[in-house]
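Colleague:
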Amino acid sequence: MFDLDLLRSFVSVVDAGGFTRAGERVHRTQSTVSQQIKRLEEDLRRPLFHRIGKQVTPTEDGERLLSYARRILSLVDEARDVLTRPVQDGAVRLGIPEDFAAYRLTQLLASCARSRPGLRLDVRADQSLYLRRDLERGDLDLALLKRDAGEKGGLAVWPERVYWVTSKSHPVDLSATSIPLIGFSTGCIYRARAIHAMESAGRAWHMAYSSSNLTGIQAAVAAGLGLSILSDMAIQPDHRVLTAKDGFAPIDKTEVALVAAPGANTAALRLADSLAEFCGSVQAEPAGDEAGSRVSA
Numbered sequence: 000m001f002d003l004d005l006l007r008s009f010v011s012v013v014d015a016g017g018f019t020r021a022g023e024r025v026h027r028t029q030s031t032v033s034q035q036i037k038r039l040e041e042d043l044r045r046p047l048f049h050r051i052g053k054q055v056t057p058t059e060d061g062e063r064l065l066s067y068a069r070r071i072l073s074l075v076d077e078a079r080d081v082l083t084r085p086v087q088d089g090a091v092r093l094g095i096p097e098d099f100a101a102y103r104l105t106q107l108l109a110s111c112a113r114s115r116p117g118l119r120l121d122v123r124a125d126q127s128l129y130l131r132r133d134l135e136r137g138d139l140d141l142a143l144l145k146r147d148a149g150e151k152g153g154l155a156v157w158p159e160r161v162y163w164v165t166s167k168s169h170p171v172d173l174s175a176t177s178i179p180l181i182g183f184s185t186g187c188i189y190r191a192r193a194i195h196a197m198e199s200a201g202r203a204w205h206m207a208y209s210s211s212n213l214t215g216i217q218a219a220v221a222a223g224l225g226l227s228i229l230s231d232m233a234i235q236p237d238h239r240v241l242t243a244k245d246g247f248a249p250i251d252k253t254e255v256a257l258v259a260a261p262g263a264n265t266a267a268l269r270l271a272d273s274l275a276e277f278c279g280s281v282q283a284e285p286a287g288d289e290a291g292s293r294v295s296a
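So the sequence shown is numbered by numbering that gives the first Met the number 0: it starts at 0 and just counts up by one.
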């Protein structure tokens with residue numbers, strides 16, 4: 000096993016080019032440093048320096064050892080730094096819907112991380128179907144889930160504002176025999192709501208575009224590939240919100256719930272308080288700020 004003190008003295012001698020200056024760096028006398036190098040050479044059974052008067056230069060073996068010595072000492076310093084830091088606030092695995100990830104929630108999370116350097120966040124943006132599954136499996140500590148209104152459970156619940164949307168530049172022909180729909184894959188609550196609304200109205204429909212991510216759905220709507228259901232925060236300037244006059248009233252009976260895993264740690268519950276405050280403020284915003292401005296006159 001290498002003696003770390005010997006390695007430090009060895010590196011100092013190489014960097015300083017001599018025993019005297021090396022001693023000043025490690026706060027030891029020249030003779031002590033010289034003895035340490037001698038011990039290291041005896042342990043390795045090979046010379047590490049060429050000595051010419053007061054000048055020393057590493058031998059081939061010394062140069063080979065130098066790179067290892069630097070790495071060993073760096074790793075030791077890193078380990079000491081990690082283990083002597085203040086106790087961490089904890090780790091929180093958070094799941095959020097994709098439209099929340101694209102909204103101001105990311106700014107809130109970044110602010111939380113900056114204000115609590117000891118908090119380690121692992122944020123996952125996905126469909127609520129998969130977030131719920133991961134929460135039940137114990138792979139998440141906290142999640143914001145979209146779900147049918149009235150479901151039990153959760154630290155806090157807010158009603159959602161959800162609208163039918165089409166392209167502003169290339170709107171779908173609403174008198175078509177079959178209405179093209181855009182949505183996530185099977186299992187998405189919006190997809191289920193869209194199909195249910197079509198069938199309840201006795202209208203034929205077909206899936207024109209499916210995507211695993213919100214960006215793809217937003218782009219497909221803007222291009223005019225079909226109608227979709229989006230929350231107010233996911234509606235973009237190149238979308239037009241359909242109204243009851245168009246035969247497409249806003250979708251109701253959906254909500255966002257903040258759910259914690261059983262036995263969630265203190266860090267997760269503290270973050271939950273911040274998320275609850277954020278979601279409450281978002282839901283308090285006038286609906287027109289997000290969707291109303293995009294409704295065609």
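Using N, Cα and C, we set each Cβ at its ideal position, and we do this for glycine too. Note that the coordinates shown come from a computational prediction; the quantities given were computed from them, not determined experimentally.
1. CA-CA distance, Ala275 and Arg239?
2. Do you know how far the Cα of Asp125 is from the Cα of Val91?
3. Looking at Gln217: is its Cβ nearer than 8 Å to the Cβ of Ala233?
4. Note down the Cα distance separating Arg131 from Ile188, rounded to an integer number of angstroms.
5. Have a look at Ile369 and Leu229 and give me their C-alpha separation to the nearest angstrom.
6. Is Ser177 closer than 8 Å to Trp157 when the C-beta atoms are compared?
7. What do you get for Val10, buried or exposed, if any count of 16 or more other CB atoms within 10 angstroms of its CB means buried?
8. Roughly how many angstroms lie between the CA atoms of Asp14 and Met0, to the nearest whole one?
9. Leaving out five residues on either side along the sequence, give the residues of the same chain with a beta carbon under 6 Å from the beta carbon of Ala221.
10. Cutting at 6 Å between CB atoms, please list the residues of its own chain near Ala100, excluding the five before and the five after it.
11. Rounded to the nearest angstrom, what separates Leu224 and Asn212 at their Cα positions?
12. Going by beta carbon distance, what residues of the same chain come within less than 7 Å of Arg44, once the five residues before and after it are set aside?
13. Would you call the region 28-45 in contact with the region 68-78, where contact means no fewer than 3 C-beta pairs closer than 8 Å?
14. For a test of the three-state rule: what should DSSP assign to Ala296, helix, strand or coil?
15. Could you check whether Pro179 and Leu226 sit closer than 8 Å to each other, using their CB atoms as the reference points?
16. Which partner residues does His49 have in the DSSP bridge list?
17. Measure the beta-carbon distance from Gly94 to Asp133 and round it to whole angstroms, keeping in mind my assumption that it falls under 8 Å.
18. Taking the continuous alpha helix (DSSP H) assigned at Ile216, which residues delimit it?
19. Which class does Asp98 belong to by DSSP, given the choice of helix, strand or coil?
20. Determine the contact status of Leu120 and Leu139, defining contact as a CB-CB distance below 8 Å.
21. Can you tell me the Cα-Cα spacing of Lys145 and Arg202, whole angstroms?
22. Does the beta-carbon distance from Thr253 to Arg192 come in below 8 Å?
23. Starting from Val171 and walking both ways along the beta strand (DSSP E), at which residues does that stretch end?
24. Looking at the structure shown, is Lys151 part of a helix, part of a strand, or coil, going by DSSP?
25. Assign Arg92 to one of three DSSP states: helix, strand, or coil.
26. Just to confirm my understanding: we take Gly22, look at its own chain, exclude 5 residues before and 5 after, and list those with CB closer than 6 Å. What are they?
27. Could you name the residues that DSSP lists as bridge partners for Arg123?
28. For Lys252, which of helix, strand or coil comes out of DSSP?
29. Per DSSP, which residues does Ser66 bridge with? Please list them.
30. Could you tell me how far apart the beta carbons of Pro46 and Thr58 are, in whole angstroms, since I believe they sit closer than 8 Å?
31. Taking DSSP as the reference, what is the three-state secondary structure of Ile234?
Modeller: Per the coordinate set shown:
1. Along the sequence shown, one-based indexing puts residue 275 at 276. Along the sequence shown, one-based indexing puts residue 239 at 240. Straight-line Cα distance between these residues: approximately 30 Å.
2. Counting from 1 along the sequence shown, the entry for residue 91 is found at position 92. Counting from 1 along the sequence shown, the entry for residue 125 is found at position 126. Approximately 16 Å, taken between the alpha carbons.
3. Walking along the sequence shown from the start, residue 217 turns up at place 218. Walking along the sequence shown from the start, residue 233 turns up at place 234. The answer is yes: Cβ separation under 8 Å.
4. In the sequence shown, residue 131 corresponds to position 132, counting from 1. In the sequence shown, residue 188 corresponds to position 189, counting from 1. Rounded to the nearest angstrom, the two C-alpha atoms are 12 Å apart.
5. Past the boundaries of the shown model lies residue 369; the chain is included only from 0 to 296, so the question cannot be answered.
6. Along the sequence shown, one-based indexing puts residue 157 at 158. Along the sequence shown, one-based indexing puts residue 177 at 178. No, the Cβ-Cβ distance between Trp157 and Ser177 is not below 8 Å.
7. Here residue 10 refers to the residue found at position 11 of the sequence shown. So Val10 counts as buried.
8. Within the sequence shown, residue 14 is the residue found at index 15, counting from 1. Within the sequence shown, residue 0 is the residue found at index 1, counting from 1. Whole-angstrom Cα-Cα distance: 23 Å.
9. By one-based count along the sequence shown, residue 221 stands at place 222. Same-chain partners within the cutoff: Ser166 and Asp237.
10. For this step, residue 100 is matched to residue 101 along the sequence shown. Taken in chain order, the residues that qualify are Ala124.
11. Residue 224 sits at position 225 when you count from the first residue of the sequence shown. Residue 212 sits at position 213 when you count from the first residue of the sequence shown. Roughly 16 Å between the two C-alpha positions.
12. Counting from 1 along the sequence shown, the entry for residue 44 is found at position 45. Cβ within range, chain order: n/a, list empty.
13. no
14. In the sequence shown, counting from the first residue as 1, residue 296 sits at position 297. Residue confidence is low: Ala296 scores 33 on pLDDT, short of 50, so the model does not pin down where it sits. No coordinate-derived value is stated.
15. Walking along the sequence shown from the start, residue 226 turns up at place 227. Walking along the sequence shown from the start, residue 179 turns up at place 180. Yes, the Cβ-Cβ distance between Leu226 and Pro179 is below 8 Å.
16. As a first step, residue 49 must be located in the sequence shown, where it is residue number 50. DSSP lists Thr56 as partners of His49.
17. Reading the sequence shown from its first residue, position 95 is the one you call residue 94. Reading the sequence shown from its first residue, position 134 is the one you call residue 133. Contact holds; Cβ gap of about 6 Å.
18. What you label residue 216 is simply residue 217 of the sequence shown in a count that begins at 1. Residues Leu213 to Ala222.
19. One-based indexing of the sequence shown puts residue 98 at position 99. Helix.
20. Residue 120 sits at position 121 when you count from the first residue of the sequence shown. Residue 139 sits at position 140 when you count from the first residue of the sequence shown. Cβ distance not < 8 Å, so Leu120 and Leu139 don't count as in contact.
21. Working through the sequence shown from its first residue, we reach residue 145 at position 146. Working through the sequence shown from its first residue, we reach residue 202 at position 203. Cα to Cα, the separation comes out at about 26 Å.
22. Position 254 of the sequence shown holds residue 253. Position 193 of the sequence shown holds residue 192. The answer is yes: Cβ separation under 8 Å.
23. Looking up residue 171 in the sequence shown gives position 172. No beta strand (DSSP E) contains Val171, which DSSP labels as neither H nor E.
24. In the sequence shown, the residue the question calls residue 151 occupies position 152. If DSSP states are grouped into helix, strand and coil, Lys151 belongs with coil.
25. The residue labelled residue 92 in the question sits at position 93 within the sequence shown. In the structure shown, Arg92 sits in a strand (DSSP, three-state: E or B).
26. Along the sequence shown, one-based indexing puts residue 22 at 23. Around Gly22: Thr28, Gln29 and Val32.
27. Here residue 123 is taken as the residue at index 124 of the sequence shown, counted from 1. Paired residue(s): Gly94.
28. Sequence index remark: in the sequence shown, residue 252 carries index 253 (1-based). Lys252: coil per DSSP, three-state reduction.
29. Here the question's residue 66 lines up with position 67 in the sequence shown. DSSP, once it has assigned bridges, lists no residue as partnering Ser66.
30. Here residue 46 refers to the residue found at position 47 when the sequence shown is read from its first residue. Here residue 58 refers to the residue found at position 59 when the sequence shown is read from its first residue. Sure, about 5 Å apart at Cβ, within 8 Å.
31. If you number the sequence shown from 1, residue 234 lands on position 235. Correct three-state label for Ile234: coil.
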